[in-house]
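Numbering (mature numbering (1 follows the signal peptide of the UniProt record, and there is no 0)), first residue to last: -20 to -1, 1 to 658.
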């Protein structure tokens, strides 16, 4: 019975490759096949006769294919011997015959691959889900490879068609005399063809055999539904790829990053619309927050919530918006460094180095303790504790805007301590990102290899410390020999034209950012150090550069805080409000208490009063926990539920931060200074 069913289904695969038949014959074949499959309406003799007839047709097709292949070989030999054809024309005709040969061979291979797949499926156990999944995966891979081959063949046919049209045009031009204008246009056409061949990158062919590359099935969606109603040809749609979006089977969405034809300018209209929408909605949201006494940054976060996946879902280029928002962080930290002179840095560097390290160690210790009580894996406990130990540098920078001042002689300015500790946390962030792959391996390693992984972590820490030493040595050289002449040159060239000054300062920021990135240190540290180096040139220089860079920073900061709102999910917060409030208050109180404890040990006695303000500034969770959480979720360190909890706790802690900051300012800062701090 199994053999008979196999032969019957085998013939079903073979029949589509037969000679053309009318629709009525196809319908009869389908009905008869269904009856055979169900075991109804067919006697044994009819079934055998049908099978033999189908096999006979398949054998005839295979013999016919061999005859055609021999004819093609003879045709190729005839073309190669034809002296009346040019070498280019011979190559074209031979290539056309080879394409047809490939089509015949691929069609035959498809038939036998289908038969082999059917045989493998019949031999398998229908109750074994793993076996069925493996068979499905193999069929999917075969279909993907077949689709790729067909796509390549289609491209070759398009090229052959183009060559045929050009050959026809050349024959027409040879039969008639060309005017001077036609000759010029013909030369331009040939030059354009050469240009396309020079700049075209065969990215598909170059990367399809690279290790780790997988074939995926994607959907291409036009930007505007109205496009489908237009009377456009297929060729016009293919030329309009820049306005399309690709969606894979995992619901990831992609846009065009580099077109095949680089001579045509294209624009990402999704991204343009997203930025325009954020810019327009940020104004009323920021205005509303200002009216009710909240910082404007929460208005921008609300703007992101309204436009993001939990709201109107109108933002299409989420990754691009977040990428642009990162520049807001870069320029914010540059201006922070611009207000943070080397003298202030020298005054608090020990506190800035010791404080974050002690706090991170204590947070990890408490995390491991609670993880042991709640039976959470150590790797997950370490990751969550490290995420929660980080504080938001952009948020605190906005709190401290305009608060640079001198305190009593011999005292330490709380803004200097706070900013120094935050910058050190940014360095820790870079270290943690570098250590994360090792943390993943520790989670799946046996006890015998854990020692090796710990040794690797210690080696990574040593590399980071070496990189930090190299960065600060470079800063010393730049401050002593380069930054002064560089700024004077910029100032001289930019008289009457601020464009050169802005471009020169931006280039210096990006240079420091690139250097720290190459040394495996946080990019944010490079931006901060760029500002600190320029601030060493004096107060007048600082004021001039700040007036130029602040508008750029403000616009990019709006994009950054709106991108945070894209990852805020109010419905999830409402569903789990009690749990989230308890977790958020616990994290905020724990960070505040730990910061007070650490600062009590490392601050001088004359500056103990600032520990309350600094602790209030550190008692929230950094927005970079979104980045760390997403990486950890993809790596399997944390689950989806834990990831959503981290996002929600981070958001709520950022919302509570202004209230805690104002309470600390009211308690500890004298009234004349309070206005500039809030």
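Glycine is no exception: its CB is placed at the ideal position from the N, C-alpha and C atoms. Keep in mind it's a predicted model, so treat the numbers as computed, not measured.
Between the Cα of residue i and those of the options, spot the shortest distance and give me the residue it belongs to.
i: residue 360; options: 327, 64, 628, 617; result: 617
i: residue 548; options: 80, 629, 257; result: 629
i: residue 638; options: 372, 622, 452; result: 372
i: residue 307; options: 561, 541, 577, 138; result: 541
i: residue 256; options: 535, 174, 647, 28; result: 535
i: residue 239; options: 224, 230, 644; result: 224
i: residue 623; options: 609, 303, 132; result: 609
i: residue 137; options: 109, 88, 81, 123; result: 81
i: residue 127; options: 96, 95, 90, 111; result: 90
i: residue 375; options: 438, 559, 309, 554; result: 309
i: residue 459; options: 392, 518, 233; result: 518
i: residue 120; options: 496, 292, 109, 94; result: 94
i: residue 234; options: 300, 50, 562; result: 300
I believe residue i touches residue j by the beta-carbon criterion, under 8 angstroms. Please report the beta-carbon distance rounded to the nearest angstrom.
i: residue 399; j: residue 316; result: 6 angstroms
i: residue 462; j: residue 470; result: Not a contact, Cβ separation roughly 12 angstroms.
i: residue 311; j: residue 532; result: 6 angstroms
i: residue 543; j: residue 284; result: 6 angstroms
i: residue 77; j: residue 52; result: 5 angstroms
i: residue 262; j: residue 538; result: 5 angstroms
i: residue 133; j: residue 83; result: 7 angstroms
i: residue 129; j: residue 86; result: 6 angstroms
i: residue 305; j: residue 295; result: So it is not a contact: roughly 12 angstroms between Cβ atoms.
i: residue 298; j: residue 627; result: Wrong, their Cβ atoms sit about 14 angstroms apart, outside the cutoff.
i: residue 583; j: residue 331; result: 7 angstroms
i: residue 491; j: residue 406; result: So it is not a contact: roughly 18 angstroms between Cβ atoms.
i: residue 380; j: residue 526; result: Contact doesn't hold; Cβ gap of about 14 angstroms is too wide.
i: residue 496; j: residue 451; result: 6 angstroms
Using three-state DSSP, classify residue i as helix, strand or coil.
i: residue 676; result: Any answer about residue 676 is impossible in this case: the structure gives the chain only from -20 up to 658.
i: residue 642; result: helix
i: residue 546; result: coil
i: residue 696; result: The question about residue 696 has no answer, for the chain in this structure spans -20 to 658.
i: residue 706; result: Examination of residue 706 is not possible in this model, given that the chain is present from -20 through 658 alone.
i: residue 392; result: coil
i: residue 228; result: strand
i: residue 663; result: Outside the displayed span of the chain (-20 to 658) sits residue 663, for which this structure offers no information.
i: residue 235; result: strand
i: residue -4; result: The predicted position of residue -4 is uncertain, since its pLDDT is 41 and thus under 50; a value taken from the coordinates is nonetheless stated next. Note: residue -4 maps to helix in three-state DSSP.
i: residue 500; result: coil
i: residue 355; result: coil
i: residue 272; result: coil
i: residue 255; result: helix
i: residue 65; result: coil
i: residue 604; result: coil
i: residue 577; result: helix
i: residue 477; result: coil
i: residue 599; result: coil
i: residue 247; result: coil
i: residue 240; result: coil
i: residue 196; result: coil
i: residue 616; result: coil
Grab me the residues of residue i's own chain with a C-beta within less than 7 angstroms of its C-beta, minus the 5 sequence neighbours each way, in chain order.
i: residue 680; result: Here the chain comprises residues numbered -20 to 658, so residue 680 is not present and cannot be evaluated.
i: residue 340; result: 366, 369, 408
i: residue 579; result: 335, 591, 594, 595
i: residue 201; result: 224, 225, 227
i: residue 552; result: 624, 628
Take residue i and list the residues in its own chain whose beta-carbon comes closer than 6 angstroms to its own, dropping the five residues that flank it on each side.
i: residue 564; result: 629, 632, 633
i: residue 228; result: 196, 198
i: residue 366; result: 412
i: residue 605; result: 367, 626, 630
Take residue i and list the residues in its own chain whose beta-carbon comes closer than 8 angstroms to its own, dropping the five residues that flank it on each side.
i: residue 568; result: 599, 600, 633, 636, 640
i: residue 60; result: 70, 74
i: residue 466; result: 484, 488
i: residue 661; result: Residue 661 lies beyond the stretch modelled for the chain, which goes from -20 to 658, so this question has no answer here.
i: residue 643; result: 596
TODO: Check whether the segment 590 to 597 touches the segment 562 to 581, counting contact only when three or more Cβ pairs, one atom from each stretch, lie closer than 8 angstroms.
DONE: Touching, yes.
_I want to know whether the segment 113 to 121 touches the segment 93 to 101 - three or more CB-CB distances under 8 angstroms._
Flag = yes, the segment 113 to 121 and the segment 93 to 101 touch.
* **Cβ pair count under 8 angstroms reaching 3, the segment 510 to 518 against the segment 237 to 250** => No, the segment 510 to 518 does not touch the segment 237 to 250.
- Query: Are the segment 55 to 72 and the segment 39 to 46 in contact at 8 angstroms, needing three or more beta carbon pairs?
  - Reply: Contact between the segment 55 to 72 and the segment 39 to 46 is absent, because fewer than three Cβ pairs lie under 8 angstroms.
**Prompt:** Is the segment 490 to 510 close to the segment 435 to 455, with three or more CB pairs under 8 angstroms?
**Reply:** They touch, by the three-pair rule.
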